[in-house]
Structures are given as C-alpha cells and as structure tokens.
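The letter at position 20 of the sequence shown is residue 128 when you use this note's numbering, and the numbering goes up by one with no holes. No residue lacks a Cβ here, since even glycine has one placed at the ideal position from N, Cα and C. Structure first, commentary second.
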Amino acid sequence: MENKDFAKQWETAKQTIRKDYPHVKDEDLAYEIGKEEEMLERLETKVGKTREEIRNWLHIMG
C-alpha cells in the first residue's frame, strides 16, 4: 500500500477511535514506522482491548 493511501486511512481510523474513545489522546495514536507495537500497547491500555483485537479492528476500519 502506498504511504498516501495508508496516511488517509489512518486519519479516518483515528477519527473513529477518538469518537468511540474520547479519552484517547493524539499521543496515543501517534504512528511511527517500526514502532507499531508501542502504539498498540498504548491503545491496549486506553481502550481495554487486546493487541489482536485492536489489529483486527484497525484492519476492518482500513
């Protein structure tokens, strides 16, 4: 997938996450290539889902 496409999809996913979980902050959703696990760990703590659930959720949104 091209970076442009991913960036657009990630922005949409972030909006959905913020809507469903207003306590999740921008820092929690910061995505850096190679640091996906750190982001998943932050989300896991904030939304009360496992990393696998979050991965599946993000895949469905994307």
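For residue i, I'd like the list of residues in its chain whose CB is within less than 7 Å of its CB, leaving aside the five on either flank, ordered along the chain.
i	result
residue 129	154 and 155
residue 136	150, 151 and 154
Straight-line CA distance for residue i to residue j?
i	j	result
residue 131	residue 115	22 Å
residue 133	residue 113	23 Å
residue 140	residue 122	14 Å
residue 160	residue 120	20 Å
residue 126	residue 142	23 Å
residue 146	residue 168	20 Å
Please return the same chain residues whose Cβ sits closer than 8 Å to the Cβ of residue i, not counting the five positions on each side in sequence.
i	result
residue 165	157
residue 162	148, 151, 152 and 155
Considering only residues of the same chain and omitting the five flanking positions on each side of residue i, which have a CB-CB separation below 6 Å?
i	result
residue 109	Here residue 109 scores only 46 on pLDDT, less than 50, and its place in the model is too uncertain to base an answer on.
Can you tell me whether residue i is buried or exposed, with buried defined as 16 or more other CB within 10 angstroms of its CB?
i	result
residue 138	exposed
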